[in-house]
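Structure, as structure tokens:
Numbering (our numbering), first residue to last: 13 to 99.
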């Protein structure tokens with residue numbers, strides 16, 4: 013969902029970015045930047061998602077969608093295993 017649609021849906025619910033900022037104790041700029049996908053603030057994003065009755069991944073899929081990571085050498089050492097070719 014893009015920022016314009018998020019703002020539109022919030023307004024239809026009677027919520028402004030300023031109200032959300034006051035509710036969460038952050039600045040209006042933080043709320044605006046989260047909506048426009050410029051910064052990550054999980055508490056703000058999850059609050060907006062709950063207001064819109066959406067999952068956070070639906071609103072900002074590039075930022076909050078689960079992306080499995082492959083094994084790294086560091087995690088393998090911690091787990092007690094090693095990848096082939098690593099000392």
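From the three backbone atoms N, C-alpha and C, an ideal C-beta is built for every residue, glycine too.
In three-state DSSP terms, what is residue i?
| i | result |
| --- | --- |
| residue 38 | coil |
| residue 62 | helix |
| residue 71 | helix |
| residue 22 | helix |
| residue 32 | helix |
| residue 47 | helix |
| residue 55 | helix |
| residue 15 | helix |
Contact defined as beta carbons within less than 8 Å: I believe residue i pairs with residue j. What is the distance between those atoms, to the nearest angstrom?
| i | j | result |
| --- | --- | --- |
| residue 61 | residue 68 | 4 Å |
| residue 38 | residue 29 | Actually they are not in contact, since the Cβ atoms of residue 38 and residue 29 sit about 10 Å apart, beyond 8 Å. |
| residue 15 | residue 48 | 5 Å |
Apart from the five residues on each side of it in sequence, which residues of its chain come closer than 8 Å, Cβ to Cβ, to residue i?
| i | result |
| --- | --- |
| residue 64 | 18, 21, 22, 25, 71 |
Ignore the nearest five residues each way along the sequence and tell me which others in residue i's own chain have a CB closer than 6 Å to its CB.
| i | result |
| --- | --- |
| residue 46 | 53, 56, 57 |
Skipping 5 residues on each side, what residues in its chain have a beta carbon closer than 7 Å to that of residue i?
| i | result |
| --- | --- |
| residue 40 | 29, 30, 33 |
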